[in-house]
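Worksheet: one structure, shown below.
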Amino acid sequence: MGKNKKEAEAQSTLPNENRRTFAKDLKRDWQLYLLLVIPIVLVIVFNYASYPGLRMVFYDYKPARGWNGSKFVGLKIIQKVFHDRKFLGSLSTTLIFNLLDLALGFPMPIILALMLNELRVRWFKKVSQTILYLPHFLSWVIVGSVAYAMFRPNTGLVNMMLMNAGLIDSGIPFLTEKWHWAVAYLLIYVWQTMGWGTIIYLAAITSINGELYEAAMIDGANRWQRMTNITLPGIRGTVVTMLIMNLGKIMGSNFERLDSLQNTQVRDFSYQLAIYIYEKGLQGAKFSEATVVGLFQSVIGLIMVIIADRVAKKLGEEGLL
Amino acid sequence: MSKKKEKEIESVSDGSRAITKVHTSDVVIMVIITILCLTCVLPFLHLFAKSISSNSMVMAKKVFFWPKQVTFDAYTSIFRDGAMVYSMVYSAIVTVVFTLLGMIACTCAAYPLSKKRLHGRYAFSFILMFPMYFSAGLIPTYLLYKDLHMLDTVWVLILPLIYSPYNMLIMKTYFQANLPDSLEESAKLDGASDFQILFRIALPLSKPIIATLSLFYAVGRWNSYADNKYYIQADTLKMIQYRLSQMVSSATEAQTTTLSEAAAVTSTPEVLQAAAIMFVTIPIICIYPFLQKYFVKGAMVGAVKG
């Protein structure tokens, strides 16, 4: 009995002691905690404070009437959205385009990095890297307007040149016919991201042991063999990590990219989730529906990130979280 | 002959992978890369040539990469109109304020979290990182800004984004890797407070990352325009990217001229559009080569995590 009492006492002092050390830490590090106040207030005010608004998915929210004038409808809105053909259409378009982005956009930086790595004329390498990184720093508005300047059927540079060369009689509607648009939309993304994407692979390549190359050369391995047997295995970890990270973004949808490249003729393909949310929500005042879609996107995104992190750690790579 | 020799010498000095002959594969790679580079350069050359060529030459489709019958009418109109210039100055001010506040918020989060001894470090990290992985979406955010009375003010472009989890992570990683604990301990022995250590030791030692992250902040703010579209109605509060998107929003052929009558536009819409695009792009192209190395460094640090 007495023993038990003592144990219980010992246990009850534990949290007490914890508190005391925390008080001590607070006293010691109060300046650090004071610094933390600023970012914490910012995330609470601008991020966490928006989460309660998510209850809108259970309400038939009317912007004009506010919360008090809006009815609680349970799962009705959510059911409505998942039966909405426009939503399902934009969801599948988003997924298809994201997969195509991955298929085209993911390998390109790797290939380009391997090519840049093989360049032996220093100044050429430097200049081409500088130029290839440039598109990354241009806004989607600039990219979009330059794309139109290039691809307009009549006055676009590409069509002008093709017509001048006598290859075509009338302009190709690169951005105003949906299948052409799909290709242009994907290639513009590849163009914008390929240069910047090489940085991480080039960094990985420089960390490969140079002696491996020397040994391979003594054994008579040619350039191609060195590339496939040393360089590629050497950056395997980086490639896997990047692939997993990109898979985590599969439900993403970039409003600026779609907005600056879309037009009425290509609605079938440009009507992706970001546009759906914007048009339904802010333009159509269907707040609840747009919120359901946004929440769906966020939840899937969060799940994907967690899965990606687990998989990366399983494969022995550094996790993301 | 002598040129070839020079190349050989250079490739030798390049180190481990010295091959003394220029192979066909070298040429093929260089050609491919040159073509890719041209896709980045030629569009801007074309637009620039168009923007300073005469209307008739552009209409006759004779302008490719070299201006014909050079005239600066389009740029004159843009400057005389004032709206574009106003937006440019306004955007620059917003970007500077945003970057300054952003760096303060970022440092305030990154420095404490880089200290292993901080009690509750994991909890604070979680609170500060979670918004990066889960956002409430457009509509709840919109309503929040409405409740905060921030819609249609310049603050909606600045305050919500000054704390960036991504940049914080980069800065924290940098602090952890570059500020040895011993440095702090010896400063502590000399009686320095945490504030003093931060301002006198940590920050002066972190100039490269400060430069890099400031650029990330500045470019991010300068380039994005979706929030202009979501949260702002008044034209005077909209940033330059948004202005440009309105000017060139016509998809099929150039039709829009959104400059005021005072600008006395004599250029055709096409020339004017080209000039507007160049007007917004030139500042970036001019400063970009000087800043590029900082970006690359930041991308490397950032690549370690996230």
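So the protein lines, in turn, are chains Z and H.
Letter by letter, the first sequence follows residues 1 to 321 in the numbering used here.
Letter by letter, the second sequence follows residues 322 to 627 in the numbering used here.
We put the CB at the ideal spot given by N, CA and C, even for glycine.
Just so it is clear, the structure is predicted and the values come from calculations on it, not from any experiment.
Proximity winner among the options, relative to residue i (alpha-carbon distances)
{"i": "residue 461 of chain H", "options": "Z/184, Z/224, Z/49, Z/259", "result": "Z/49"}
{"i": "residue 183 of chain Z", "options": "Z/270, Z/317, Z/27", "result": "Z/270"}
{"i": "residue 89 of chain Z", "options": "Z/294, Z/308, Z/143, Z/267", "result": "Z/267"}
{"i": "residue 367 of chain H", "options": "Z/26, Z/42, Z/66, Z/151", "result": "Z/151"}
{"i": "residue 488 of chain H", "options": "H/382, H/439, H/424, H/594", "result": "H/424"}
{"i": "residue 604 of chain H", "options": "H/406, H/559, H/418", "result": "H/406"}
{"i": "residue 533 of chain H", "options": "H/435, H/552, H/611", "result": "H/611"}
{"i": "residue 388 of chain H", "options": "H/448, H/592, H/403, H/528", "result": "H/592"}
{"i": "residue 86 of chain Z", "options": "Z/279, Z/241, Z/193, Z/25", "result": "Z/279"}
{"i": "residue 170 of chain Z", "options": "Z/119, Z/162, Z/125", "result": "Z/162"}
{"i": "residue 527 of chain H", "options": "H/558, H/512, H/492, H/540", "result": "H/492"}
{"i": "residue 469 of chain H", "options": "Z/301, Z/42, Z/304", "result": "Z/42"}
{"i": "residue 60 of chain Z", "options": "Z/313, Z/303, Z/294, Z/290", "result": "Z/290"}
{"i": "residue 363 of chain H", "options": "Z/205, Z/134, Z/262", "result": "Z/134"}
{"i": "residue 239 of chain Z", "options": "Z/123, Z/305, Z/213, Z/106", "result": "Z/106"}
{"i": "residue 385 of chain H", "options": "H/601, H/374, H/398", "result": "H/374"}
{"i": "residue 176 of chain Z", "options": "Z/45, Z/283, Z/263", "result": "Z/263"}
{"i": "residue 207 of chain Z", "options": "Z/235, Z/197, Z/187", "result": "Z/235"}
{"i": "residue 260 of chain Z", "options": "Z/146, Z/197, Z/164", "result": "Z/146"}
{"i": "residue 72 of chain Z", "options": "Z/288, Z/51, Z/153", "result": "Z/288"}
Close-in-space but distant-in-sequence residues of the same chain around residue i (CB under 8 Å, 5 per side omitted)
{"i": "residue 292 of chain Z", "result": "57, 77, 78, 81"}
{"i": "residue 536 of chain H", "result": "612, 615, 616, 619"}
{"i": "residue 216 of chain Z", "result": "225, 226, 229, 230"}
{"i": "residue 119 of chain Z", "result": "125, 128"}
{"i": "residue 390 of chain H", "result": "374, 375, 377, 378"}
{"i": "residue 186 of chain Z", "result": "97, 100, 101, 104, 105"}
{"i": "residue 51 of chain Z", "result": "none"}
Assigned secondary structure, residue i (DSSP; H/G/I helix, E/B strand, else coil)
{"i": "residue 618 of chain H", "result": "helix"}
{"i": "residue 329 of chain Z", "result": "The requested residue 329 of chain Z is not part of the displayed model; chain Z covers only 1 to 321."}
{"i": "residue 326 of chain Z", "result": "Summary: the structure shown does not reach residue 326 of chain Z, with chain Z confined to residues 1 through 321, and so no result is reported for it."}
{"i": "residue 180 of chain Z", "result": "helix"}
{"i": "residue 367 of chain Z", "result": "Within the shown structure, residues of chain Z are numbered from 1 to 321, placing residue 367 of chain Z beyond reach of any answer."}
{"i": "residue 391 of chain H", "result": "coil"}
{"i": "residue 67 of chain Z", "result": "coil"}
{"i": "residue 481 of chain H", "result": "helix"}
{"i": "residue 263 of chain Z", "result": "coil"}
{"i": "residue 256 of chain Z", "result": "helix"}
{"i": "residue 230 of chain Z", "result": "helix"}
{"i": "residue 507 of chain H", "result": "helix"}
{"i": "residue 247 of chain Z", "result": "helix"}
{"i": "residue 663 of chain H", "result": "Outside the shown range of chain H (322 to 627) lies residue 663 of chain H, about which nothing can therefore be said."}
{"i": "residue 563 of chain H", "result": "helix"}
{"i": "residue 367 of chain H", "result": "helix"}
{"i": "residue 589 of chain H", "result": "coil"}
{"i": "residue 290 of chain Z", "result": "helix"}
{"i": "residue 139 of chain Z", "result": "coil"}
{"i": "residue 613 of chain H", "result": "helix"}
{"i": "residue 119 of chain Z", "result": "coil"}
{"i": "residue 155 of chain Z", "result": "coil"}
{"i": "residue 173 of chain Z", "result": "coil"}
{"i": "residue 535 of chain H", "result": "helix"}
{"i": "residue 514 of chain H", "result": "coil"}
{"i": "residue 549 of chain H", "result": "helix"}
Own chain partners of residue i with C-beta closer than 7 Å, once the 5 adjacent residues on each side are dropped
{"i": "residue 258 of chain Z", "result": "270, 272, 274, 275"}
{"i": "residue 397 of chain Z", "result": "The structure shown does not extend to residue 397 of chain Z, since chain Z spans only 1 to 321, so no value can be given for it."}
{"i": "residue 486 of chain H", "result": "449, 450, 452, 453"}
{"i": "residue 327 of chain H", "result": "Confidence at residue 327 of chain H is low in this model, with a pLDDT of 45, below 50, so the placement of that residue is unreliable and no value is reported for it."}
{"i": "residue 192 of chain Z", "result": "135, 136, 143"}
Near the ligand NAP: residue i beta-carbon under 6 Å from a heavy atom
{"i": "residue 128 of chain Z", "result": "Annotation note on the ligand NAP: not contained in the displayed structure, which lists no ligands."}
6 Å Cβ shell around residue i - same chain, five flanking residues per side excluded
{"i": "residue 251 of chain Z", "result": "297, 300, 301"}
{"i": "residue 607 of chain H", "result": "none"}
- Item | Contact set between the segment 219-239 of chain Z and chain H, restricted to residues whose Cβ is under 7 Å from the partner | 223
- Does the segment 54-69 of chain Z come close enough to the segment 440-455 of chain H that 3 or more CB-CB pairs lie under 8 Å? no
- Task: Return the residues of the segment 606-619 of chain H that lie within a Cβ-Cβ distance of less than 7 Å from chain Z, sorted by chain order.
- Result: 609, 610, 613, 617
- Do the segment 545-558 of chain H and the segment 466-485 of chain H make contact, defined as three or more Cβ pairs closer than 8 Å? yes
- Message: So, does the segment 503-516 of chain H touch the segment 440-452 of chain H, judging by three or more C-beta pairs under 8 Å?
- Response: no
- Query: Of all the residues that make up the segment 114-126 of chain Z, which are near chain H by a beta-carbon distance shorter than 8 Å?
  - Reply: 115, 116, 118, 119, 120, 121, 122, 124
- the segment 234-252 of chain Z in contact with the segment 89-100 of chain Z per 3-pair CB rule at 8 Å: yes
- Message: Short of 8 Å Cβ to Cβ, which residues in the segment 535-558 of chain H face chain Z?
- Response: 540, 543, 544, 545, 546, 547, 550, 551
- Item | Sufficient close CB pairs (3 or more, under 8 Å) joining the segment 514-524 of chain H to the segment 17-36 of chain Z | yes
- Message: Any C-beta of chain Z within less than 9 Å: which residues of the segment 478-501 of chain H qualify?
- Response: 480, 481, 482, 483, 484, 486, 489
- Near-chain Z residues of the segment 441-457 of chain H (beta-carbon distance less than 7 Å), N- to C-terminal order: 445, 448, 449, 452, 454, 455, 456, 457
- Name the residues in the segment 361-384 of chain H whose C-beta lies less than 7 Å from a C-beta of chain Z; which are they? 361, 362, 364, 367, 368, 382
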